[in-house]
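Residue numbers (this note's numbering): 2 to 466.
This is the structure:
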């Protein structure tokens with residue numbers, strides 16, 4: 002047998018990953034770009050977890066999903082959804098295999114970092130009215146001043162009625178803003194540590210400056226603002242105690258770059274994975290195994306609370322679904338498998354020092370398979386088994402999905418967590434699969450369209466498998 006040359010050995014033995022665009026033909030590139038137009042529309046209408054949950058339910062109903070009931074009996078092809086407190090959603094498409102063989106789970110979160118209003122938010126200082134905020138999730142606080150903000154959420158009035166708020170998204174709406182010091186006067190501010198360039202208590206949102214004109218006294222600007230809110234929404238100041246109001250960037254999702262290859266928008270962590278898994282499950286018609294899509298809340302603050310995945314709502318749903326077939330939920334879970342659909346950090350050529358490039362996800366490298374998350378010594382990770390990684394790898398390759406691997410920065414520099422650990426704790430084989438993101442947690446995050454498309458193809462292959 003002739004001895005192989007180095008060139009032949011490289012071809013046979015070494016990885017041949019390359020840019021996704023170079024691996025896609027023109028028709029697939031067009032399909033990718035068209036898919037991302039729908040993705041951008043989703044980002045624009047689903048800027049909070051409540052809005053995302055409402056839009057997901059609307060889309061699910063349009064695709065034939067009906068509300069789940071443990072009292073019903075289901076058959077292959079049936080489509081059901083469960084809405085948890087208007088903040089998290091589970092979709093399921095019943096498969097042909099007995100449910101005791103396990104289900105295919107995909108899980109993404111629909112909350113994103115933002116500024117929440119405090120319980121007593123409205124105040125006036127030196128004839129300017131403000132909202133006091135408490136930031137939600139991991140943010141660089143200095144990125145949020147001078148960004149136009151919109152206000153979203155609900156207010157529960159004293160009589161129990163609910164008012165929905167959405168101000169700043171329409172072109173004719175006002176927007177809101179956190180101020181910052183001009184550089185001419187910022188010498189002392191520049192001397193602060195970077196994480197205190199803007200302090201949490203300085204993230205005060207400007208909401209008005211005109212006083213109530215027909216009287217004298219203090220807090221007339223605040224009074225005028227409350228009059229406007231009362232006339233528009235029928236609320237008084239005490240109603241804000243029972244409110245959930247969130248400030249998010251007011252701009253729309255946009256193409257980025259001369260070649261329009263990138264998507265720039267707020268909230269792509271993790272609504273990029275939420276949308277791609279949602280579209281994969283909505284398109285299911287007659288799957289072999291039951292497919293379950295989880296679109297959850299509270300990941301950015303640790304997944305606690307009754308709408309986060311540390312709570313029991315997923316376990317209860319699986320138990321209720323299993324009961325309709327006379328099966329125990331734990332027997333379903335132990336034979337199930339899950340793609341925890343969450344983003345990873347894309348290698349940023351401007352800041353290469355924090356990445357170990359061989360094990361970092363690249364823009365246009367495809368969907369990222371992340372064996373383990375956590376920080377430093379893999380703290381807080383489920384660390385998928387080699388067997389399950391191999392199973393996912395074979396599935397993606399068999400379906401022509403463009404994929405890569407990566408972890409979140411150098412070992413001793415950072416890291417991060419996802420919901421994977423909480424699903425794995427239910428005795429489910431779980432691995433993270435998601436889209437690489439640049440400027441993660443910023444008001445304007447960047448993804449590559451090819452990677453968004455690859456994520457959809459990955460979830461589509463998984464739920465059809």
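Note that the Cβ used here is the ideal one computed from N, Cα and C, for glycine as well.
Quick caveat, the model's predicted, so the values are computed rather than measured.
Membership of residue 225 in the alpha helix (DSSP H) is indicated by the continuous run 221-234. Excluding residues up to 5 positions away in sequence, 112, 114, 138 lie with their Cβ nearer than 6 Å to the Cβ of residue 301 in the same chain. Residue environment analysis places residue 277 among the buried positions, since at least 16 neighbouring C-beta atoms fall within 10 angstroms of its C-beta. As summarised for the stretch 266-297, the continuous beta strand (DSSP E) elements at least 3 residues long and confined to that stretch are 292-297, given in chain order.
It is roughly 8 Å from the alpha-carbon of residue 56 to the alpha-carbon of residue 46.
Residue 70 carries a coil assignment under DSSP once its states are collapsed to helix, strand and coil.
Within the DSSP secondary-structure output, residue 435 pairs in a beta bridge with 369.
In this structure the stretch 304-317 touches the stretch 407-423; the number of beta carbon pairs closer than 8 Å is three or more. For residue 190, the secondary structure class from DSSP, reduced to helix, strand or coil, is helix.
With at least 16 other beta carbons inside 10 angstroms of its own, residue 265 counts as buried.
In the DSSP assignment, residue 324 falls outside any beta strand (DSSP E) and within the unbroken alpha helix (DSSP H) covering 314-324. Contact between residue 208 and residue 132 holds: CB atoms are separated by about 6 Å, below the 8 Å threshold. Residue 50 counts as buried, since at least 16 other C-beta atoms from the protein chains shown sit within 10 angstroms of its C-beta. Assignment of residue 135 by DSSP, reduced to helix, strand and coil, places it in the strand class. Checking the DSSP bridge columns, you'll see residue 404 partnered with 368.
Separation of the CB atoms of residue 119 and residue 204 is rounded to 11 Å, and the pair is thereby denied contact status at 8 Å. By a beta-carbon distance limit of 8 Å, residue 400 does not contact residue 451. Their separation comes to about 16 Å. Straight through space, the alpha carbons of residue 252 and residue 181 are spaced by roughly 19 Å. Contact check for residue 259 and residue 91: beta-carbon distance about 41 Å, past the 8 Å limit, so the pair fails to qualify.
Comparing alpha carbon positions, the residue from 292, 297, 394, 338 closest to residue 79 is 292. Pairing residue 77 with residue 321 gives a Cβ-Cβ distance that is not under 7 Å. The Cβ atoms of residue 222 and residue 130 lie closer than 7 Å to each other. Look at the beta carbons and you see the stretch 385-395 touching the stretch 432-447: at least three pairs across the two are nearer than 8 Å. Between residue 337 and residue 104, the C-beta spacing is below 7 Å. Taking residue 382 as reference, the option from 416, 363, 170, 159 with the minimal CA-CA separation is 416. The residue from 267, 331, 378 with its alpha-carbon nearest to that of residue 440 is 267.
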